[in-house]
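Here's the structure we're looking at; comments come further down.
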Amino acid sequence: MTARSDDVRELERVTIRFAGDSGDGSQLAGQQFTNTAAIFGNDVSTMPDYPAEIRAPAGSLPGVSSFQVSFSSHEIYTPGDSPDTLVAMNPAALKTNLPDLPKGATIVANSDEFTEANLHKADYESNPLEDNSLAGYRVIPVPITSMNARALKNSGLSNTQIDRSKNMFALGLMFWLYERSLEPTLRWIETKFTKNPTVAEANATTLKAGFYFGETAELFPVHYRVPKANLAPGHYRNITGNEATALGFLAASKLSGRPLFYASYPITPATDILSELARFKRFGVKTLQAEDELAAIGAAIGAAFGGSLGLTGTSGPGLALKSEAIGLAVMTELPVVIISVQRSGPSTGMPTKNEQADLLQAMFGRNGESPVAIVAPATPSECFDMAIEAFRIALRHMVPTILLSDGYLGAGSEPWRIPSFDDLPKFEVKFATDPESFQPYARDEETLARPWAIPGTPGLEHRIGGLEKSDGAGTVSYTAENHEIMVHHRAEKVARIANDIPDLEVVGNPEGELLVLGWGSTYGAITSAVQRARADGLSVSAAHLRHMNPFPKNLGDVLSRFERVLIPEMNLGQLRMLIRARYLVDAVGLNRVTGRPLKIAEIVEKISGLVRRKVSVA
Amino acid sequence: MTARSDDVRELERVTIRFAGDSGDGSQLAGQQFTNTAAIFGNDVSTMPDYPAEIRAPAGSLPGVSSFQVSFSSHEIYTPGDSPDTLVAMNPAALKTNLPDLPKGATIVANSDEFTEANLHKADYESNPLEDNSLAGYRVIPVPITSMNARALKNSGLSNTQIDRSKNMFALGLMFWLYERSLEPTLRWIETKFTKNPTVAEANATTLKAGFYFGETAELFPVHYRVPKANLAPGHYRNITGNEATALGFLAASKLSGRPLFYASYPITPATDILSELARFKRFGVKTLQAEDELAAIGAAIGAAFGGSLGLTGTSGPGLALKSEAIGLAVMTELPVVIISVQRSGPSTGMPTKNEQADLLQAMFGRNGESPVAIVAPATPSECFDMAIEAFRIALRHMVPTILLSDGYLGAGSEPWRIPSFDDLPKFEVKFATDPESFQPYARDEETLARPWAIPGTPGLEHRIGGLEKSDGAGTVSYTAENHEIMVHHRAEKVARIANDIPDLEVVGNPEGELLVLGWGSTYGAITSAVQRARADGLSVSAAHLRHMNPFPKNLGDVLSRFERVLIPEMNLGQLRMLIRARYLVDAVGLNRVTGRPLKIAEIVEKISGLVRRKVSVA
Amino acid sequence: MTTAEPLPVLTRKDFVSDQEVRWCPGCGDYAILAQTQKLMPELNIPREKIVFISGIGCSSRLPYYMNTYGFHSIHGRAPTIATGLKSSRPDLSVWVITGDGDGLSIGGNHLIHVLRRNVDLVIVLFNNRIYGLTKGQYSPTSEQGKITKTSPLGSLDYPVNACSLALGANATFVARSIATDTQHLVSTLERAHQHKGASFVEVFQNCNVYNDGAFDEFTDKAVRPDRTIAVEHGQPLIFGKERNRGLRLNGVTPEVVDLGNGITESDLLVHDETLEDPTIASILARMEYPEFPVPLGVLRAFQKPTYDELMEDQVQEAIAKQGEGDLEALFAEGDTWVVD
Amino acid sequence: MTTAEPLPVLTRKDFVSDQEVRWCPGCGDYAILAQTQKLMPELNIPREKIVFISGIGCSSRLPYYMNTYGFHSIHGRAPTIATGLKSSRPDLSVWVITGDGDGLSIGGNHLIHVLRRNVDLVIVLFNNRIYGLTKGQYSPTSEQGKITKTSPLGSLDYPVNACSLALGANATFVARSIATDTQHLVSTLERAHQHKGASFVEVFQNCNVYNDGAFDEFTDKAVRPDRTIAVEHGQPLIFGKERNRGLRLNGVTPEVVDLGNGITESDLLVHDETLEDPTIASILARMEYPEFPVPLGVLRAFQKPTYDELMEDQVQEAIAKQGEGDLEALFAEGDTWVVD
Ligand SMILES: Cc1ncc(C[n+]2csc(CCOP(=O)(O)OP(=O)(O)O)c2C)c(N)n1
Ligand SMILES: Cc1ncc(C[n+]2csc(CCOP(=O)(O)OP(=O)(O)O)c2C)c(N)n1
Ligand code: SF4
Ligand code: SF4
Ligand SMILES: [Mg+2]
Ligand SMILES: [Mg+2]
């Protein structure tokens, strides 16, 4: 079933936001739209937004949940600065989301819900659909609740059940408006409700009803089409960052031939990784829901001591609790991986909002000189690669490694080109086995890694621990000379990882007036902004770090080729501080701590303010 | 009783180290010597060294304990780079301490203990007192054990008890050698053993025996005298850093009129502070030995919420465990003070050895943007002032404040000019009391501090917590704008402390070729080194930070007046990183991580390598 | 104050804060909040003397809704903050609100230590046998085999019995109630408040979103009288809709018996909450449905000096014995000398 | 291996590491170390399969002295590391060494959770009622009123009874021994090893430097028979130098009786360590001198599936039911599409 082909306008890119009460199914509608667009061949990028950790009363402002999807005929890097179309399932959804809408945007409002009571809950004095306060927007009131109810009146469902399907009506309407097929969603409905055909039937019916309503009603003079994007050939699926992270860790287990052991204490937005990995028992993955974060990392360290891939995961406050034990992993030089899916802080902060403010904690949040390796994915699908990379580094260099993801990456999604296992980097794990002249703190010449000698190996019995150990023999040592040597070994060991990681790539000219340097989930916004600025002829290039400690070897060189460096971050300048200290470059920052992703437009604006020259097309 | 006055040579400064088995009483002997020299009028500085956390077998190398005291006729800043005289009570003590002795130093060795068995325990193949391996030193073998035993054979004490007194014999001998009175020690013996006159008698006897032995024997051709120093007039006592810290906190309590509540979990080298404060019940001080560090800081936060001076103390690993809760104190803006008596890390590290490696942990060891104030005393007696300063800042600015002491300051001692209470800075505490328009997150215009509104105040009932709070009203808020405001408020609040602290002082010319910038316990070594270099005519000045966050306002200006900046630290360059990042100054480091204090000589050497010009006498 | 002005009479409303309550509709937390607010005016404590301290969890949101002083702290640490507050301010009435995750998982250590120290607090643990706030993972009180997102094949952990653990830590006051029995709840909370010392109250609370009906088997109105047993001091342990069943001890083993047929009330165990020996309280605490009726009420209320009062006493004694501290004398402790 | 070569016969010496032992002369830790080393060869486990994991404290130094794999970790966390190791490597024999501070103070939470999960470990808690390593502060097992440097006017904390707490956490194996009775100690450790599940052994250990004689009152050889009672499965609880005294239960109250005068062995409590109900074990655990003889031996040994075996089973079951995981199939889960 496709939409009528007349009155179609072609667009390059569209951004839709589904918003409603937590119970209104906006997440689901958004995900289905995303899948459908992706399967059609668009590039897509998404951003869910849960307003708070706990559920608020129906219809209230804090109860609003939303899902934004951007789909495009060219490669895109972000879910879009601001929606072209907002589906507002109730007044509260309109109120909370309106500030993000540019003038001229379309608002599809479920007019049934704009009742006195609901308006009151949303702090509206009068009905915005009627009081002209929305002048400047294209407002399309649709009585979604009642039309859905009418479509399903013979469905055999209870009124509550019927009401729960209204997101499908809205979704159908959007499918029509953006000329997308219902097929994938119909397929999904069938699988999802196999055991409950009545519900399946009802969902399909109202989905179609929404679609036909779009076709029939004269509400939308035109509808839109976003052609396929020119993506690299391959087999694709849509994936969130947390899913990709979990798959990456599992892949690391298969690649290294060592079982994965994940210990974690639930915390938003990292819990998904535990849920995902818990599904992988048939791969030999063991997961432990620990009593707290201290226990979780302890268990991961124990597993690493035993020869498994010891892994623990958390978010900021939990990372703080793991500090002391990370120090133990540094001292015992065990290949533990710690993932922090960052969120807004300090303290409990805003658990469902985003921030990149665990970088300095990851670098320095321990007593003593306690270096660890740190990597940070830039996109949801890159979480897969960086999860593998974290273990590759940890195992090769016998060093605890922190993977810094964030809530935006974790819950956001994008198409992922499904890799074939053979394409993935294999990494061998060499356990020590030879008792002859075995020393637990002997050093690999190249990496300075100590041997991994696991219990069960005859003749290698030895003791490790948190007290300073003598170089080589690994017995407790308090001598001045040895401590100095060991502190430097540990530092040098991490520094040498730089020999083993790719150079930083510059997008755009390799030199020029301005380099925009970023890390983590700001990648999309930065890349888009730099592209836009370059299209405007500005002399600006971009580079994005994935290795935060150590930095790629060529970073100093890259920085030196630009007159100025701009570092946009969702914090008060954490990477910037490291860069300034290391390279004495007067890098400037674009720092936002709003809990929301950086906008392309604000980066472009900042770039424009900093750059005078036009780009020389190389 | 004084020594014969003939054959006396006058010296400016002498450094003695008492070393022996843990059971040999070297700490006590050293402390008595220190007191005596101080009372006489010398400037003194001490450094105890306990080799490991737990007791080792008698006579073994890890069992050696030592106490170094330097006393002088001019102001001194360190316990001396290297001893002029070593008292070695057994072979192990000689072996471990010999590397620190300069050629020509005097070694008083308890020859009785250089038995086959003891030599073996100390890994000596032959007797160093006999095999000429000590050529180049002035070795004075004294049969201390047997002479002590002979002196006490009629004392009525058991052999074990008698043996325990041999440190007094050695001490007596040193008193003779350096022409010091026995009186203070005799007084001390009397008070200490009031209940046990036999023991008192014995100690006095052998102390005198040692003294007379010096006088009688021809072992020492000359003895020495170090004249009084020209100290500022006043009433003095000797004080360790941990004692001074405890007194400072108590003073802060009296100065602010608020009761002190100290919660802590024992950890070397911070435990002394708990022991000290536990003695102060009669001052209304409450101390809580908590189940762990998480509980200790929790209790301190609770006490601060209730209007007490909430205080917690620990060392590095414990500071790591407090990370999450410090974040809570940041968010709730409560005036909690946290003291970390730093020690060698990472992890358990070397608990009895020193390091300055908690600075970056104190700055950044929390999730999110989580600024705190940080102060650091430079000398044992300054611990008193900085303890007061920590609470002054915390209370005035409503900000958690970290006091970074270290093991060297904590256990080291020096003369302290006893302040009169009236000379101390009073600071008023203003609780909010007026329900009219009360807002828990209202801001003081000058400091941005929020009001301290404590339970029990009618009409001010309000709720605080770790979730982001709305500016002013203090209710939970997840909005982007508010979060951005609050993150900046918290940062700015700490930044504004700079308006309220003294400028950094430069010792030496205010500009020149090299500035040596330091912080914490390296003060003594740096000051002495710079004095020496200046005496050699080098263009070098010194400055020492006590406020680590925020920095004094003039720091940038000070740095800019020098061509180069050298930052000596007992870490891999933690302050250096902050300075480089903030001021883009290519500061170089002198970084030692040996667990031992920096030496004056190594700083002088580094300075000489960096400075070419002669100083212009201003 | 000179004239004995009567304290203003407070009502439940005075304890309702201006914050919108944000639990899921139908959540058992509402009832606990309501009863707590209802109880407050009856305690005859000025509102400003009351402090609610919580950790993190749905349950731990409660302080926001109480118009008293409140502290919504960090996960698991509420007992520590409460200990610091109460020890430094014995004049306050300090309440700790926690959940089965907050109190028994991440906060387990603090819970046992606050109980053994007998700090004078009321500790209310909302047990919904799930982590509500983080969207439904199994908790330390979840039954083994529980299927949740983090245990898709069933959890492996043997559950904790909160009251047993509290008694193992030698808690002086241990009680249990259910959110749906408002009368029982309010009186249990009142008893907890009256007890001087650490009062631990476990409240069964339904999380209708992630663990709906967790306690229905025995708390449902229809079956409650038959499947729970109210323990009351000095009373024989009788239960049943017809009050025809009872509990007796066979050695140390509890036995359910039918009254009649020669078995009379006098054969039953008479509840004595004041025993120093926690054995019987522990036996009761361990009784679980369906083997036994689930005991509700005050299992133990044994009086001994509280930590905060011992601490205050020690300060007062020190002052009495050693005299009030003289700071300058302390400064000059030990050997001193004068340089002029 | 094809030919059944006999395992090399190990001796105590094989378990002595090359590290110099660094406890104070006279410390009770030596005896525990010696018995542990003595036991090892008798377990018939290859040395490389044995791992000792400890926290921080004098006691926690033990792993350095064992010539097995060892991990001297951080304060209080040994149970967590052991849980991770044993769960991922069920083939190993994992021992946890802890102290009254390490295990009951900072590590209390992990201890109760590892016990309730029933991870197959041997946990030996050296109880010297003091913090030894940090030079003598009172610990959670110190008696109230204890004078130490951090409690110059006497400590305020009510002490924890380690075995009661363990039973409150529903530990499946709980035993107590004393360092000075080498025979008893070694056999108790052996029993702990044989038990499948979390075995908790409290060992009274004298710290002769900071808490000398803490247990002398009842462990001193002269009085030990009269002031302690050996609990042995299936045996009536008899004690006394003359074996003329016994323990019976009066209801739930333990009573010391003199045998004779009509009281015979058959009146005494017969110890049954295998009971699922921990009531009697708890009653015994709470008996303290001078009211009662102090019970030594295995208080409880109740068998149920261990956490590590449940975890392994779940993996095997998943494989059996769902088939071994296919990574590429998992990658391509859900809706996929092809771009050419
Ligand atoms: C240090 C830390 N770890 C984890 C979390 C995430 N977290 C918040 S509440 C919670 C569990 C809450 O369970 P419970 O105490 O039973 O409360 P409920 O929501 O069920 O009332 C968790 C795991 C956190 N906020 N902080
Ligand atoms: C995080 C942390 N806090 C505190 C310490 C200091 N500390 C080391 S051992 C110890 C107590 C040891 O007591 P216990 O477990 O009874 O062992 P014992 O020495 O008596 O055998 C303490 C407080 C530490 N090492 N780490
Ligand atoms: S998730 Fe459960 S416990 Fe939390 S508010 Fe909702 S119903 Fe209540
Ligand atoms: S301090 Fe005590 S426990 Fe520690 S080694 Fe010495 S005697 Fe043993
Ligand atoms: Mg819960
Ligand atoms: Mg101990």
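Residue numbers (the numbering used here), protein chains in the order written: chain A, 1 to 618; chain B, 1 to 618; chain C, 1 to 340; chain D, 1 to 340. Glycine included, each C-beta is placed from N, C-alpha and C at the ideal position.
Distance cut-off 7 Å: residue i Cβ against heavy atoms of ligand 4
i: D/Asp29; result: yes
i: D/Trp23; result: yes
i: D/Tyr210; result: yes
Any non-hydrogen atom of ligand 1 closer than 7 Å to residue i Cβ
i: D/Ser60; result: no
i: A/Pro266; result: yes
i: A/Pro128; result: no
Local conformation of residue i per DSSP, three classes
i: A/His235; result: strand
i: B/Gly310; result: strand
i: B/Trp176; result: helix
i: B/Ala3; result: Note that B/Ala3 scores a pLDDT of 42, beneath 50, so its modelled location is shaky and nothing firm can be said.
i: D/Val186; result: helix
i: C/Ile229; result: strand
i: A/His488; result: helix
i: A/Asn554; result: coil
i: A/Phe220; result: coil
i: A/Val142; result: strand
Beta-bridge partners of residue i, as assigned by DSSP
i: A/Ala543; result: A/Val506 and A/Leu517
i: B/Ser72; result: B/Arg13 and B/Asp43
i: A/Gly327; result: Answer is none; A/Gly327 lacks a bridge partner.
Cut-off 7 Å between Cβ atoms - residues of its own chain near residue i, not counting five sequence neighbours on either side
i: A/Thr433; result: Thr457
i: A/Ser528; result: Tyr77, Thr78 and Ile600
i: B/Ala627; result: Lying before the first or after the last residue shown, residue 627 of chain B is absent from chain B, which here runs from 1 to 618.
Contact set for residue i: own chain, Cβ-Cβ below 6 Å, skip 5 residues either direction
i: D/Thr83; result: Val114 and Val119
i: D/Leu269; result: Leu237, Leu247, Arg248 and Leu249
i: B/Pro128; result: Leu134
Residue i: CB within 7 Å of a non-hydrogen atom of ligand 6
i: D/Asp100; result: yes
Cβ-heavy atom distance, residue i to ligand 2, below 7 Å
i: D/Phe126; result: yes
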